[in-house]
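Below you'll find the structure, written out as structure tokens, and then a few comments.
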Amino acid sequence: MEWHTVREIANGWQGEIEQKWPKYYNEIQGIANGSGLPFIDILILNIRTEIAFGMFNDGCTSLYWKTQTKSFLAQNWDWMEEQKQNLVILDITRDNGPRIKMITEAGIIGKIGLNEFGVGVCLNAIKVPGYNLSRLPVHLALRSVLDSQSADDAARWLQEIGIAASAHILIADKGKAFGLESTAETIRIIGMDKENRIVHANHLLLEHDGPVDAGWLADSPPRQQRIQQLNSEFGSSTDREPDATDITHILDDHDGFPFSICRYEEGPLGMDATLFSIVMELRGRTATVYLGRPCQPEEVILLDF
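Offset between the sequence shown (1-based) and our numbering: plus 892.
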């Protein structure tokens, strides 16, 4: 896509965001001012999903698992190796909202993490063409979750205002989780299974009206099956509850390479690698970030409140 076309699309969003969600508009403006870059360029980063509607985007595998004593929310985030240098961890403190800790890409105000109330969010990209200018862009939707005091509040608000493009947003707190599958036309809710779990990869699991899932990642169905299998095998092989190490081991699984949960730039897929993993424990309001692949992390960072 030509850059002038990208800017034209972004110009269409600028007034909508300024009018409907001014606090996010102002934060994007602040980043532009601080970086010395044009506002429109920072806006483009924050509406990347909508601009790239139906085009290539990032992949990942996510998991929520509530036990008797813990509430885990975790995921791998896979994309081009070159994107690793753009990852940043933000600690956001302000007077009019909860403290937030998240891992994101420089310039993007909403991504993957948790807040001081123990509300967390993960993201799975979904490839369905189209976007809806009247709804909240995906990365701002992620930020809205982290601005919430409960998973209920976050999910309810996003269902009311809508999400502008296709994605799966996994919203959770210590007691509940909701998987919001969205397209430009619909939002469908995935609830916890009988073991209080939700797992998701990069294709739609529910029926939606309008354009259909393009099935853009051949490895998404195998990853979905594999993470379900690993969860089931753990539950049937031991009486103990999973701990953070067990959740991390699920994310560093290489079964079926190159269609594996933990990925690296080899094999016929060739383009993507796991750039980070995050394991959150929402009752304790802690998270561990593994930069690089969780099997061989380059750095391990603890986030807590």
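A virtual CB, placed ideally from N, CA and C, is assigned to each residue, including glycine.
query: Beta-carbon proximity check, Ile-1090 vs Leu-1038, cutoff 7 Å; result: no
query: Ala-924 versus Gly-1002: straight-line alpha-carbon distance, rounded; result: 15 Å
query: Residue(s) in a DSSP beta bridge with Arg-1048; result: Partner(s): none; Arg-1048 has no beta bridge.
query: Lys-1003 in three-state terms, based on DSSP; result: coil
query: Pick from Ser-1124, Ile-901, Gly-1010 and Gly-907 that is closest to Gly-1176, judged by C-alpha positions; result: Gly-1010
query: Buried or exposed (CB count within 10 angstroms, at least 16 for buried), Asp-1164; result: buried
query: Bridge-paired residues (DSSP) for Lys-958; result: Ser-963
query: Ile-1081, buried or exposed, once every other Cβ within 10 Å from all chains shown has been counted against 16; result: exposed
query: Cutoff 8 Å; reference Thr-961; Cβ partners in own chain excluding five residues on either side; result: Glu-1133 and Arg-1175
query: Residues that DSSP places opposite Met-994 in a beta bridge; result: Leu-982 and Gly-1005
query: Option nearest Asn-978 by Cα separation, candidates Tyr-1023, Glu-919, Leu-1015 and Leu-937; result: Leu-937
query: For Asp-1138 and Ile-1004, the rounded distance between their alpha carbons; result: 20 Å
query: Residue interval of the beta strand (DSSP E) (run including Tyr-1182); result: 1178-1183
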